[in-house]
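So for the first sequence, my numbering puts the first residue at 248; every next one is plus one.
C-beta atoms are modelled at their ideal positions from N, C-alpha and C, and glycine is treated no differently.
Predicted model, so just to flag it, every value in this text is computed and none were measured.
Here's the structure, in structure tokens; my notes come after.
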Amino acid sequence: MMNLEALQEKQKRMAKLVVVPPSGKGYLPKDEDIIFSLDIQYVGEDAYVAVDIQSYAGRKWGVYAAQTKAGMEYIPRYFCFREGPPLAKTIRKVIELSTMQPSLLIVDGHGIAHPRKFGVASWLGVELAIPSIGVAKRTLLPYETSPALFRGSSSPISLDDERVGSVLRTQDYVKPVFVSTGHQISLENTEAIILKLSSKYRVSEPIRRADHIARVYAKGETDRRAIFLGTLEE
DNA sequence: GCGACAG
DNA sequence: ATCTTGTCGC
Ligand SMILES: [Mg+2]
């Protein structure tokens, strides 16, 4: 196991570096901007990472996948230290090999909707100095009101009276997802982007593609729609 | 002290 | 996240 008190201090320290713009400010997507959407599947401590690449307008550039190691064991609230390192390592490699520079990262987990305002999306955004969004399927913080039952409805998630995220309904009558700023993007734009990308299902299309490829790779299989990079060393 | 707790 | 069989629905 690890020293959780030290990791907690690291989160508090790094959380001060997170940039949370007010509505109307921060990163604003343009049609040709590149979005990296990430997911990981695990086999023990082996992490099978997938990076979906598409433009904001929807042009698909493909999916890359690589195998590396989890940062540490999974402990709720310390998830950034498990999934952050393998994501960062894979993203650096994909940028190098693809020549594509992401303007935005979409992460399967929370941003600042976290007890110390430092979820994995924030960790990754700060680490790479790239705007990031956190989208989770379950919340870590309690919330008062549920959003209306229609696609696009949202309600607040707060921490000590500070707005840190939203419960967002991405499909009519379907369970909502939980979105928050990761780094350098407003909650308003975060909601708009996730809603736009979740046109068919509860989970956004690019995250679904990343999830699928990571799953295929973890099973030792392959898929012609993706580029498999093998094991990342160091 | 006990249970909950993103993926 | 993973473990697992069937089942419902497009
Ligand atoms: Mg995931």
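- The stretch 360-425 is shown to contain whole beta strand (DSSP E) runs of 3 or more residues at 379-383, 401-406, 409-415, in chain order.
- Closest in C-alpha terms to Asp299, from the list Tyr464, Glu452, Glu480, Ala465, comes Glu452.
- Around ligand 1, the residues selected by a Cβ distance under 5 Å to any of its heavy atoms are Asp286, Asp355, following chain order.
- Counting only runs that start and end inside the stretch 438-477, the alpha helix (DSSP H) elements of at least 4 residues fall at 452-465.
- Nearest C-alpha to Arg472 among Lys466, Thr478, Ala465, His459: His459.
- Nearest to Ser369 by alpha-carbon distance, out of Met261, Asn250, Leu479, is Met261.
- Under the three-state reduction of DSSP output, Leu351 falls in the strand class.
- A distance below 6 Å between beta-carbons, with the five flanking residues on each side excluded, links Arg339 to no residue of its chain.
- For the stretch 266-319, the full-length beta strand (DSSP E) segments reaching 3 residues or more read 281-290, 293-302, 307-316 along the chain.
- For Tyr390 and Ser405, the gap between their C-alpha atoms comes out near 7 Å.
- Within the DSSP bridge table, the entry for Ile432 names Gly273 as partners.
- Residue burial is scored here from C-beta neighbours: Ala457 has at least 16 other C-beta atoms within 10 angstroms and is therefore classed as buried.
- In this chain, the alpha helix (DSSP H) harbouring Thr337 covers 326-345.
- The Cβ atoms of Ser413 and Leu434 sit closer than 8 Å to each other.
- Ranked by Cα distance from Ser379, the options Tyr420, Gly305, Ile474, Thr437 are led by Thr437.
- Contact check for Tyr295 and Ile287: beta-carbon distance about 6 Å, within the 8 Å limit, so the pair qualifies.
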